[in-house]
Structures are given as structure tokens and as C-alpha cells.
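Residue numbers for the sequence shown, in the UniProt record's numbering: 1 to 77. Backbone N, C-alpha and C define an ideal beta-carbon position, used for all residues, glycine too. Have a look at the structure below before the remarks.
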Amino acid sequence: MQRTQTGLRIERNMLKVLKGLAEYLDMSLGDLVEGIVLHAFEGKAPFGPETLAKIGQLKEVYGLTLTAADAHRLEEK
């Protein structure tokens, strides 16, 4: 396996939630994103109830109000 560094544009509050979740799970942000993507590629949910509850808390703390319905509709301001 070979990894590469990438520049990725992502919504600010979403990034804060992801970083907080990675910290909570004691893993790197890259490892978290890779895990989410690999689960999605197989149509599997990446998180169980406990982690989803933590994500809900982090979303509230960081003001993330986006949902799956907002996917592919985000526009740069």
C-alpha cells in the first residue's frame, strides 16, 4: 500500500467534527477518512450507535448543520 499527500477542500465545520472524532477514536484524520471511504465503497455503515452519538455531540459543538441531503449541493462563497 502506498499513501499520498493530498490537498482537499472540505467544509470548515465538517473538518472540525472529523478532527474531533479522530481524536476521540485515537486515530489520525487520514486513517478515519480512509475507514469511512472503505466502508462506503462496500455499502456498509462506518459507525455504530456509540460513535454516532459522539458525532452528534461534535456536530452540535462545532455548529455543523449539513446533512446527507446537502451532499453535492455545496457551493463556495
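- A direct Cα-to-Cα measurement between V17 and Q5 gives close to 21 Å.
- The three-state reading of DSSP puts D26 in coil, since its state is none of H, G, I, E or B.
- A residue is called buried when at least 16 other Cβ atoms come within 10 angstroms of its Cβ; L21 meets this threshold and is buried.
- Comparing C-alpha distances from L66 to each of E34, R3, L15 shows the shortest one belongs to L15.
- Distances from the alpha-carbon of L8 to those of G48, K44, G30 put G30 closest.
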